[in-house]
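Student: The opening position of the sequence shown corresponds to residue 3 in the numbering used here, with each subsequent residue numbered one higher. Idealized CB from N, CA, C, for every residue including glycine. Quick caveat: nothing in here was measured; it's all calculated off a predicted structure. There's a structure below that I have some questions on.
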Amino acid sequence: MKEGIRLALLYLLIGLGATIIGSLAGFGGGILIKPILDFLGHYDLKTIGFLSASTVFAMAVVSVYTRRRMLKEMRLDHAILLATGSILGGLFGKGIFRTFSHLPWIGMAQTGALIVIFSLVLYYVNHKHQFKQFHIESRLMVLIIGLILGLMASFLDIGGGPHNVAILSLLFAFDTKKAGFYSIFIIFFSQLASLVSTVVSGNLSTMDLSMLLFMVLGGISGGVIGSRLAKFLPIETVEKVFNVTIFLLILLNIYNFIQYMA
Numbered sequence: 003m004k005e006g007i008r009l010a011l012l013y014l015l016i017g018l019g020a021t022i023i024g025s026l027a028g029f030g031g032g033i034l035i036k037p038i039l040d041f042l043g044h045y046d047l048k049t050i051g052f053l054s055a056s057t058v059f060a061m062a063v064v065s066v067y068t069r070r071r072m073l074k075e076m077r078l079d080h081a082i083l084l085a086t087g088s089i090l091g092g093l094f095g096k097g098i099f100r101t102f103s104h105l106p107w108i109g110m111a112q113t114g115a116l117i118v119i120f121s122l123v124l125y126y127v128n129h130k131h132q133f134k135q136f137h138i139e140s141r142l143m144v145l146i147i148g149l150i151l152g153l154m155a156s157f158l159d160i161g162g163g164p165h166n167v168a169i170l171s172l173l174f175a176f177d178t179k180k181a182g183f184y185s186i187f188i189i190f191f192s193q194l195a196s197l198v199s200t201v202v203s204g205n206l207s208t209m210d211l212s213m214l215l216f217m218v219l220g221g222i223s224g225g226v227i228g229s230r231l232a233k234f235l236p237i238e239t240v241e242k243v244f245n246v247t248i249f250l251l252i253l254l255n256i257y258n259f260i261q262y263m264a
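Have a look at this one:
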């Protein structure tokens, strides 16, 4: 009984902490949840993916609602195209993951990809003054960007990530806060598509979802807290949270990668 309560509290705190940071910085939270659950080793990759997607989706719903005034500042055509692309990408990404999930190297491949992506993002955000910012207007390109971000989120089981913010900043000349909101918007639709795909596939019966409720409650609470912090904290503080989190994630994923190789 006591062990069950401790586990429930642990998973509630994981969901809460990950989504506070995720909502604040536009990460989504899955980039924290997946490596932490990998590290704990309680669940297989499919279950981790569903727990992560559910928690992040709950956070995204709350974050978008809490900051709904920012929806008026979004370009409607870009918002629709990014949402459409992220839904298609979410479905493709989940399909690719299901195809290869039985292979022993898939977890190591995901972790290795995260190390590379996070390292590139960390370099970019600290040297972005050296990069030319673009103002993408092509509707086809906006759709493709949404598709790629949705695919990466679903295949890597991270529900978004710092690469969303970096890519949106680079290609649309957004500041960190605006890119973070667009990122959460994309995450909402990509994770919705991912969850629907998993439910329709009939894989839920093979998963241990005893901690799902606690993680979702953490995700909802984290979405509320993170969104409120995002309204009041200056961009400089958000960027510091962004940098520190990415650096720690690189270290955690390196550890997990070594464990996969052992």
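Considering only residues of the same chain and omitting the five flanking positions on each side of phenylalanine 2, which have a CB-CB separation below 6 Å?
Tutor: With the chain covering only 3 through 264, there is no way to say anything about residue 2.
Student: Do aspartate 159 and tyrosine 45 have their C-beta atoms within less than 8 Å of each other?
Tutor: Not closer than 8 Å, so no.
Student: Among Leu90, Gly19, Ala181, Met110, which one has its Cα closest to the Cα of serine 196?
Tutor: Nearest option by C-alpha distance: Leu90.
Student: Please classify asparagine 128 as buried or exposed, where buried requires at least 16 neighbouring CB atoms within 10 angstroms.
Tutor: Asparagine 128 should be labelled exposed.
Student: How would you label methionine 72, buried or exposed, when you count the other beta carbons within 10 angstroms and need 16 or more for buried?
Tutor: Buried: at least 16 other Cβ atoms inside 10 Å.
Student: Just mark lysine 233 as buried or exposed, buried being the case when its beta carbon has 16 or more other beta carbons within 10 Å.
Tutor: Classification of lysine 233: exposed, given that the 10 Å Cβ count is below 16.
Student: How far does the alpha helix (DSSP H) with isoleucine 189 in it extend, from its first residue to its last?
Tutor: Per DSSP, isoleucine 189 belongs to the alpha helix (DSSP H) from 178-203.
Student: Would you say leucine 206 and valine 144 are within 8 Å of each other, going by their C-beta atoms?
Tutor: Their beta carbons are not under 8 Å apart, which means leucine 206 does not touch valine 144 by this criterion.
Student: Determine the closest residue to leucine 116 out of His137, Ala155, Phe136, Phe133, with distance taken between C-alpha atoms.
Tutor: The residue with the shortest Cα to Cα distance from leucine 116 is Ala155.
Student: Please name the residue in Arg141, Glu238, Gly221 whose C-alpha comes closest to that of aspartate 79.
Tutor: That would be Arg141, whose Cα lies nearest to the Cα of aspartate 79.
Student: Alpha carbons only, please: which of Ala264, Leu253, Tyr262 is nearest the one belonging to valine 118?
Tutor: When each option's Cα is compared against that of valine 118, the closest is Leu253.
Student: At which residue ranges does the stretch 47-78 contain complete alpha helix (DSSP H) runs of 4 or more residues, listed in the order of the chain?
Tutor: As far as the stretch 47-78 is concerned, its whole alpha helix (DSSP H) runs of at least 4 residues are 47-68.
Student: Rounded to whole angstroms, what is the Cα-Cα separation between glycine 220 and lysine 130?
Tutor: Cα-Cα distance, rounded: 33 Å.
Student: Nearest by alpha-carbon distance to proline 37: which of Ile260, Ala264, Tyr262, Leu251 is it?
Tutor: Ranking the options by Cα distance to proline 37, first place goes to Leu251.
Student: With respect to the alpha helix (DSSP H) encompassing leucine 158, which residues constitute its N-terminal and C-terminal limits?
Tutor: Note, leucine 158: premise wrong, no alpha helix (DSSP H); not H, not E.
Student: Quick check on this structure: which residue in Gly92, Met217, Ile227 has the alpha carbon closest to the alpha carbon of isoleucine 16?
Tutor: For the residues Gly92, Met217, Ile227, the minimum Cα distance to isoleucine 16 belongs to Met217.
Student: Applying the 10 Å Cβ sphere with the 16-neighbour rule, what's the burial state of leucine 122?
Tutor: By the 10 Å Cβ count, leucine 122 comes out exposed.
Student: Rounded to the nearest angstrom, what separates alanine 175 and isoleucine 23 at their Cα positions?
Tutor: Looking at the two C-alpha atoms, the distance is approximately 23 Å.
Student: So, for glutamine 112: in the same chain, excluding its five sequence neighbours on each side, which residues have a beta-carbon less than 6 Å away from its beta-carbon?
Tutor: Taken in chain order, the residues that qualify are Leu158.
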